[in-house]
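In UniProt numbering, the protein residues as written are 1 to 200.
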């Protein structure tokens with residue numbers, strides 16, 4: 001959702017797909033992997049309609065939760081959800097490759113099903129920005145599609161993007177961050193996905 005060249009899915013359709021595909025379980029697994037400490041500052045890049053960020057706030061109520069996306073309609077949906085839940089989150093419109101936050105601002109950066117939205121030549125710029133805004137010892141936690149089977153909700157899209165991304169995610173992370181690893185794998189109705197972690 002963070003590339004100006006990407007066609008953004010209608011936010012309501014996006015939410016329906018997420019629920020139908022069982023993406024929420026993957027979100028909780030990513031949050032557990034991130035092990036967000038009390039009082040931490042967390043940035044989600046590609047926050048979309050806010051589903052993951054609001055789960056972070058539910059899991060760690062005193063965390064500073066910030067979400068970034070380029071799509072104004074999605075952010076409006078996220079803001080309405082946050083208001084209904086009385087969740088104190090910050091939602092910003094912006095570009096993943098040109099973050100406006102100061103250096104060393106965040107303890108954790110999360111991104112779920114984001115990389116495949118971003119052209120490969122812009123992904124490196126995003127990783128450089130992630131490294132800049134992470135505090136020393138902070139960590140990046142990614143979740144995205146990986147090869148391994150055809151999704152049942154939106155056909156072959158996950159397979160197409162995962163083939164493009166295959167073998168690239170870890171190599172990309174290793175150019176800017178440390179201790180880069182694929183932590184695990186999972187599957188939803190959208191297809192197979194993988195979890196990645198790296199530290200600054």
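By construction, the Cβ of each residue, glycine as well, lies at the ideal position given by its N, Cα and C atoms.
Since we're looking at a predicted model, the values are computed, not measured.
- Bounds of any alpha helix (DSSP H) do not take in residue 134; it lies within the beta strand (DSSP E) bounded by 134-145.
- About 6 Å separates the Cβ atoms of residue 113 and residue 143, confirming a contact at the 8 Å cut-off.
- Residue 69: member of the beta strand (DSSP E) spanning 64-69, first to last residue.
- Proximity to residue 132 across 146, 50, 108, 116 peaks at 108, based on C-alpha coordinates.
- By the 16-neighbour rule on beta-carbons within 10 angstroms, residue 10 is exposed.
- If you draw a 10 Å sphere on the C-beta of residue 83, you find fewer than 16 other C-beta atoms in it, and that means exposed.
- Sorting 137, 110, 136 by C-alpha distance to the C-alpha of residue 126 places 110 at the top.
- Spatial neighbours of residue 79 in its own chain (CB-CB distance under 6 Å, excluding positions within 5 residues in sequence) are listed in chain order as 91.
- If one requires a minimum length of 4 residues, the alpha helix (DSSP H) runs lying completely within the UniProt domain "Methyltransferase" (42-138) are 51-59, 72-84, 120-133, in chain order.
- Per DSSP, residue 30 is one residue of the alpha helix (DSSP H) stretching across 23-34.
- Sequence-distant Cβ neighbours of residue 128 in its own chain, meaning closer than 6 Å and more than five residues away, are 176.
- Residue pairing by DSSP places residue 194 opposite 144, 185 in a beta bridge.
- Taking residue 172 as the centre and dropping the five residues before and after it, the same chain places the C-beta of 123, 124, 127 closer than 7 Å to its C-beta, in chain order.
- Exposure of residue 179 is indicated by the presence of fewer than 16 other C-beta atoms within 10 angstroms of its C-beta.
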